[in-house]
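Before any comments, here is the structure.
Number of protein chains: 2
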Amino acid sequence: MTRASTRKPGEATGDDQAAVPRRLLEHATKLFAKKGFDRTSVQEIVEAAGVTKGAMYHYFGSKDDLLYEIYARVLREQTRQLESVASSDAPLRERLAAAASDVVVSSIDNLDDNTIFLQSMHQLSPDKQKAVRAERRKYHERFRGLIEEGQRSGEFRTDKPADVVVDFFFGSVHHLGSWYRRSGSLTARQIGDHYADLLLDALRPPVA
Amino acid sequence: MTRASTRKPGEATGDDQAAVPRRLLEHATKLFAKKGFDRTSVQEIVEAAGVTKGAMYHYFGSKDDLLYEIYARVLREQTRQLESVASSDAPLRERLAAAASDVVVSSIDNLDDNTIFLQSMHQLSPDKQKAVRAERRKYHERFRGLIEEGQRSGEFRTDKPADVVVDFFFGSVHHLGSWYRRSGSLTARQIGDHYADLLLDALRPPVA
DNA sequence: GTCCACATACCGACCGGTCGGTGTCCAAAG
DNA sequence: CTTTGGACACCGACCGGTCGGTATGTGGAC
């Protein structure tokens, strides 16, 4: 038996035949987002993915590892995206607007990851939590750099600390998952542009 | 023996003699905020409060009930505060600024409750979750009413839907707990005023 | 044979909730 | 004043069930 026999272990060969680690991550993400990390048992994950516990513990060291991998993937992607937008040669305001709008769109596109990030971060082991925080911090600092650039050039107000503005904005972004519904009347890009506008306009120097 | 004998059952008589339900709520709040709802066992709570499981299940129907009571208390207080500010006879911009700043200050004053709200809401039973959402919704609608009032009068921009602005702002507020530290250099009121300024300025009509 | 990629059976820890008691207080009866 | 009875506020041992993790088996590729 076993038709699709000659395949490399980490490679997809069909539809439900995708690599086991990928399937595990995928179903774990959905379940964590829906029920929360602690309320999702390893048993449920492996059943959803169509494998057994043995398979999971073959690829991942622990349930925590699964969560960590989900985080790491999202963080890498967002950081990559920000870097590419921020370092273009467009005018500052456009770069910031694009970065802001993009992070909203990608957060909506991956609402599950976003929800998990929000709710389950503190359930990671302390050292893994530290790693995530460090990565997150780098991201925020890059974003903050854009704001500070505008403050130095006089395009943005200077009476608001840049880090307060960053936390203000990303608070909004992280909370998208708690209210945005795909059935709503606004597309992800529309929300993103609204958010970017609100941020940019909040940054205009006062009493213009 | 038993010196302090004649006291009503729900009343404090001294320092560590505070009413048992109050002590339970208090320590449960701290523990839920620190370790999360699911990771805090009933045993831990009752030990911290210096009572036994029997006592807890005498006053609360379940562990869920404990969480629900914590929510309900915070919601009642915030709604009361908003109502009093919003219905004063001050100019609209002042009322909105006060409401915004106040909710930030009270969120920082009760960071634990805020953290719990953020992380553990989805762990409530569906019906209790529904009750909380309904109350929360009323709060948001009241706040949104202020923004819509300003849009009608021409004080605020009309190119941004009021509910998007509300979600934008409360995202920031709910996320205070994930970055604000009392050891930081800004007081709660300073953050509140910054946030209120950012909101009000984001609402200015464009191309002023 | 032996290595890899899983499968299966199982373990010990722990957890929310229960339930049969127990001590204290108060009010009415005697 | 004493007794009685029962409501109230707890106590804490215990239970059924679940969970993360592990140890061992197994079957195909080389």
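Residue numbers (this note's numbering), protein chains in the order written: chain U, 1 to 208; chain C, 1001 to 1208. Idealized CB from N, CA, C, for every residue including glycine.
Using a cut-off of 9 angstroms between C-beta atoms, extract the partners of residue i located in chain U.
i                : result
P1206 of chain C : D197, D201
F1156 of chain C : Correct list: empty, because the minimum Cβ distance to chain U is about 11 angstroms.
Q1081 of chain C : The premise fails here: Q1081 of chain C is roughly 20 angstroms from chain U at the closest Cβ pair, so nothing lies under 9 angstroms.
Count the other CB atoms, across all protein chains shown, that sit within 10 Å of the CB of residue i; report buried if there are 16 or more and exposed otherwise.
i                : result
S1041 of chain C : exposed
H1194 of chain C : buried
S1101 of chain C : buried
S1172 of chain C : buried
Q1119 of chain C : buried
D15 of chain U   : Summary for D15 of chain U: the model assigns pLDDT 37, below 50, so the residue's position carries little reliability; its value from the coordinates is reported in the next sentence. Label assigned to D15 of chain U: exposed.
S125 of chain U  : exposed
R157 of chain U  : buried
S1107 of chain C : buried
Q1151 of chain C : buried
D89 of chain U   : exposed
A202 of chain U  : buried
S5 of chain U    : The predicted position of S5 of chain U is uncertain, since its pLDDT is 33 and thus under 50; a value taken from the coordinates is nonetheless stated next. Answer is exposed; the Cβ neighbour count stays below 16.
A1196 of chain C : buried
E23 of chain U   : Checking the sequence, you will find Arg at residue 23 of chain U rather than Glu. R23 of chain U comes out buried.
T1029 of chain C : buried
A1162 of chain C : buried
V1207 of chain C : exposed
A99 of chain U   : buried
A1097 of chain C : buried
G192 of chain U  : buried
P1205 of chain C : exposed
Along chain C, which residues have their Cβ under 8 angstroms away from the Cβ of residue i?
i               : result
R39 of chain U  : D1038, Q1123
K160 of chain U : H1194, D1197, L1198
Q78 of chain U  : Ordered by position in chain C, no residue passes the 8 angstroms Cβ test against Q78 of chain U, which lies about 17 angstroms from the chain.
Residue j and residue i - do their beta-carbons sit closer together than 8 angstroms?
i                : j                : result
L1075 of chain C : N1114 of chain C : no
V1085 of chain C : R1093 of chain C : no
I1070 of chain C : L1111 of chain C : no
L199 of chain U  : F143 of chain U  : no
V20 of chain U   : Y68 of chain U   : no
T79 of chain U   : K138 of chain U  : yes
F168 of chain U  : I116 of chain U  : no
V46 of chain U   : K35 of chain U   : no
Which whole-angstrom value describes the C-beta separation of residue i and residue j, a residue pair presumed to lie in contact below a C-beta threshold of 8 angstroms?
i                : j                : result
V105 of chain U  : R189 of chain U  : 6 angstroms
H1027 of chain C : A1055 of chain C : That pair is no contact at about 12 angstroms.
I1147 of chain C : V1166 of chain C : 7 angstroms
D38 of chain U   : D1159 of chain C : Rounded, the Cβ-Cβ distance is 43 angstroms, inconsistent with contact.
F170 of chain U  : H140 of chain U  : 7 angstroms
Can you pull the chain C neighbours of residue i, defined as C-beta to C-beta under 9 angstroms?
i               : result
V165 of chain U : H1194, L1198
Q43 of chain U  : Near Q43 of chain U there are no residues of chain C at all, since even the closest Cβ is about 16 angstroms away, more than 9 angstroms.
Q129 of chain U : Simply none; closest approach about 12 angstroms.
Q151 of chain U : Simply none; closest approach about 14 angstroms.
Find the residues of chain U that neighbour residue i, judging by a C-beta separation of less than 7 angstroms, and give them in chain order.
i                : result
F1168 of chain C : S172, Y195, L198
Residue i versus chain C: which residues are under 7 angstroms apart at the beta carbon?
i              : result
K53 of chain U : Under the 7 angstroms cutoff, chain C gives no residues; its nearest Cβ is about 21 angstroms from K53 of chain U.
H27 of chain U : Residues of chain C passing the Cβ test: none, with the nearest at roughly 19 angstroms.
Residue i versus chain U: which residues are under 8 angstroms apart at the beta carbon?
i                : result
I1191 of chain C : V164
H1058 of chain C : Those within 8 angstroms of H1058 of chain C in chain U number zero; the least Cβ separation is about 27 angstroms.
Is any heavy atom of the ligand NAP found at a distance shorter than 7 angstroms from the C-beta of residue i?
i                : result
S1107 of chain C : The ligand content of the structure shown is nil, which means the ligand NAP is not present either.
Next on the checklist: If we require 4 or more residues per run, which alpha helix (DSSP H) segments fall completely within the segment 1022–1066 of chain C?
Outcome noted: Taking 4 residues as the minimum length, the alpha helix (DSSP H) runs contained wholly in the segment 1022–1066 of chain C are 1042–1049, 1053–1059, in order along the chain.
Checklist entry - Which runs of the alpha helix (DSSP H) fall wholly inside the segment 1091–1152 of chain C and span at least 4 residues, in chain order? => result If we require 4 residues or more, the alpha helix (DSSP H) runs fully inside the segment 1091–1152 of chain C come out as 1092–1109, 1111–1120.
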